[in-house]
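First the structure, in the form of structure tokens, and then the observations on it.
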Amino acid sequence: MAVKINAIRGMNDLLPQDSSMWQQVEGVLKSTAASFGFSEIRFPIVEKTGLFCRAIGEVTDVVEKEMYTFNDRDGDSLSLRPEGTAGCVRACLENSLIHGQEQRLWYTGPMFRHERPQKGRYRQFHQFGCEVFGLKGPDIDAEIIAFTAEVLAKLGLTEHVSLQLNSLGSSEERAAYRDALVAFLEKHQDVLDEDCRRRMYTNPLRVLDTKNDDVIAVLKDAPKLSDYFGEETNAHFEGLCSRLENLGIKYEINSRLVRGLDYYNLTVFEWVTDALGSQGTVCGGGRYDGLVEQLGGQSTPAIGFAVGLERMILLLETLQLVQRKPAVDIMICAMGEEPERQQLKLALDLRKALPGLGIMTHCGGGKFKKQMAHADKSGARFAVIIGDDEINNKVLSIKDLRSGEQQTVEMAAAAAYFKSVF
12 MAVKINAIRG MNDLLPQDSS MWQQVEGVLK STAASFGFSE IRFPIVEKTG LFCRAIGEVT
72 DVVEKEMYTF NDRDGDSLSL RPEGTAGCVR ACLENSLIHG QEQRLWYTGP MFRHERPQKG
132 RYRQFHQFGC EVFGLKGPDI DAEIIAFTAE VLAKLGLTEH VSLQLNSLGS SEERAAYRDA
192 LVAFLEKHQD VLDEDCRRRM YTNPLRVLDT KNDDVIAVLK DAPKLSDYFG EETNAHFEGL
252 CSRLENLGIK YEINSRLVRG LDYYNLTVFE WVTDALGSQG TVCGGGRYDG LVEQLGGQST
312 PAIGFAVGLE RMILLLETLQ LVQRKPAVDI MICAMGEEPE RQQLKLALDL RKALPGLGIM
372 THCGGGKFKK QMAHADKSGA RFAVIIGDDE INNKVLSIKD LRSGEQQTVE MAAAAAYFKS
432 VF
């Protein structure tokens with residue numbers, strides 16, 4: 012017997028019994044995007060490595076340690092996408108979608124990072140992302156956050172998550188703050204762990220995001236980025252906060268929130284939960300006003316967010332807020348040669364009349380007991396039984412597989428009956 016080939020570590024199969032949960036969550040995200048005026052965009056999962064190095068930052072963990080990078084047969088360095096924003100911007104620039112015009116776009120699909128697999132964190136994971144180009148005021152920041160709040164409300168998560176908010180200011184303000192932060196960190200090197208010492212000179216703002224309790228305690232006395240903000244940055248952040256308050260969206264200002272990618276400026280936000288342990292972020296985003304120009308376009312304000320689907324679904328499962336839905340609602344069981352021929356026509360007629368339901372025929376015949384066992388196992392709510400007697404009398408026997416009750420319904424009235432019970 013040949014040796015089985017298993018999936019790559021950290022890359023999981025999505026099995027039929029779980030796919031309905033994904034479809035429910037994706038359906039909420041897509042319908043909400045449509046209601047906010049967003050259009051779908053699709054772009055490759057493989058891009059030139061230089062795109063991510065330039066967009067995300069060469070001294071970020073993502074680029075330094077986590078990307079899946081390889082040389083193709085032409086010798087070009089390519090990478091599986093670790094996130095969606097860079098590829099979305101590249102696609103928009105290449106296809107002239109954002110020069111002098113506003114765009115609101117959404118996308119979904121797999122991303123890849125070579126991290127240590129654990130619950131809620133995988134090497135292949137899926138994101139739903141939204142990007143807005145061409146708008147610079149705090150009103151669009153508030154609307155983007157309102158979008159995410161509406162999704163969370165539709166999924167029943169409002170009481171289980173909290174909004175963390177911060178401003179990273181402009182690149183000039185961060186540069187001035189960087190010098191002050193490095194000077195502070197140099198005085199406390201004895202407390203810094205190896206990772207923080209490495210970041211101290213390459214990407215010091217990422218030290219603020221540490222999970223080390225000793226370093227967190229020291230950082231309470233560190234200089235604050237907000238002390239380096241000018242009038243414009245303060246006005247933008249205050250405008251955002253006032254709009255969120257007007258919308259009734261509660262938030263907490265977290266001065267240590269910096270996000271993990273270098274392209275962010277001004278607004279950054281995360282929706283977090285304490286129900287998933289260390290993997291507490293279910294949605295995050297922010298402004299990246301310099302990225303379009305950085306990737307070869309004209310200066311263009313932009314903001315976006317991404318939802319981690321695995322983590323969102325894990326949270327919903329943990330809180331028992333989502334249920335697996337069977338693919339089959341009605342199973343048709345035929346007893347005899349003529350009923351077997353007629354069940355296909357019956358199934359087609361019911362599908363036309365009941366387009367939202369899953370209707371399956373038990374193909375292959377077999378004994379009645381076996382067919383009913385198949386209907387039970389399928390998760391269907393009803394079994395429709397058609398035999399010679401039913402054909403002769405132009406009726407159907409319909410069994411409720413939950414209650415066990417069975418009744419006879421005229422064939423011509425079957426669709427109306429099912430409309431009344433679903």
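According to the working numbering, the residues represented by the sequence shown are 12 to 433, in order.
All residues carry an ideal CB built from backbone N, CA and C; glycine is no exception.
Asked	Found
Go to I402, then tell me how far its alpha helix (DSSP H) extends in each direction, as first and last residue.	399 to 404
According to DSSP, simplified to helix, strand and coil, what is P350?	helix
Would you mind sorting E304 into buried or exposed? The rule is 16 or more other CB atoms within 10 Å of its CB.	exposed
For L179, tell me which candidate among P121, I156, V162, H247 has the shortest Cα-Cα distance.	H247
Write down every uninterrupted run of the beta strand (DSSP E) in the region 136 to 224 whose length is 3 residues or greater and which is fully enclosed by it, in chain order.	173 to 178
Counting C-beta neighbours from all protein chains within 10 Å, is the total for I67 16 or more, i.e. buried, or is it exposed?	buried
Less than 8 angstroms separating the beta-carbons of D72 and G259?	no
Roughly how many whole angstroms lie between the Cα atoms of A358 and G308?	55 angstroms
Is it right to say T292 is buried, meaning 16 or more other beta carbons lie within 10 angstroms of its own, or is it exposed?	buried
If we call anything under 8 angstroms between Cβ atoms a contact, is L330 one with A286?	yes
Does DSSP put S414 in a helix, in a strand, or in coil?	coil
Assuming T292 is part of the beta strand (DSSP E), what are its boundary residues?	292 to 298
Could you name the residues of the same chain whose beta carbon sits closer than 7 angstroms to that of A191, not counting the 5 residues immediately before and after it, in chain order?	P234
So for Q129, helix, strand or coil by DSSP?	strand
Is the beta carbon of R361 sitting closer than 8 angstroms to the one on T372?	Correcting the residue identity first, residue 361 is Leu in this sequence and not Arg. Contact flag unset, no.
Please classify E113: does DSSP put it in a helix, a strand, or coil?	coil
Measure the beta-carbon distance from F316 to M346 and round it to whole angstroms, keeping in mind my assumption that it falls under 8 angstroms.	Going by Cβ atoms, the distance from F316 to M346 rounds to 55 angstroms, so no, they are not a contact pair.
Identify whether L357 lies in helix, strand or coil by the three-state DSSP scheme.	helix
Taking L302 as the reference, give the member of K15, R53, A338, L62 with the closest Cα.	L62
Assuming contact is defined by CB atoms lying nearer than 8 angstroms, are E184 and G241 in contact in what I supplied?	yes
Can you list, in chain order, the stretches of the alpha helix (DSSP H) that have 4 or more residues and sit fully within the region 225 to 287?	242 to 258
Have a look at E105 and L40 and give me their C-alpha separation to the nearest angstrom.	27 angstroms
By Cβ distance, which residues of its chain are closer than 7 angstroms to F49, with the 5 residues on each side in sequence left out?	R115, L116, W117, C141
Following a CB-centred definition, is M22 positioned closer than 7 angstroms to any heavy atom of the ligand NAD?	The ligand NAD is not part of this structure, which contains no ligands at all.
If I measure Cβ to Cβ from C207 and keep anything under 6 angstroms in the same chain, skipping five residues before and after, which residues do I get?	V218, T221, V226
If we ignore side chains and look at the alpha-carbon of each, how far apart do T419 and V339 end up?	21 angstroms
Looking at the secondary structure, which residues open and close the beta strand (DSSP E) in which M371 lies?	370 to 372
Cβ of Q138 within 8 angstroms of Cβ of T119?	yes
Which runs of the beta strand (DSSP E) spanning at least 3 residues fall entirely within the region 41 to 116, listed in chain order?	57 to 59, 80 to 82, 88 to 91
With a threshold of 8 angstroms on Cβ separation, who are the neighbours of R189 within its own chain once the five nearest residues in sequence on each side are excluded?	P215, L216
In terms of DSSP beta bridges, what is L407 paired with?	V420
Which partner residues of F316 appear in the DSSP bridge assignment?	C141, G296
Per DSSP, what are the beta-bridge partners of E364 in this structure?	This sequence places Ala at residue 364; Glu is not what is there. According to DSSP, A364 bridges with nothing at all.
Compare the Cα-Cα distances from Y262 to each of Q175, R392, R53 and report the closest residue.	Q175
Going by DSSP in three states, P27 sits in which element: helix, strand or coil?	helix
Could you check whether the region 43 to 60 touches the region 84 to 94, counting it as contact only if at least three pairs of C-beta atoms, one from each stretch, sit closer than 8 angstroms?	yes
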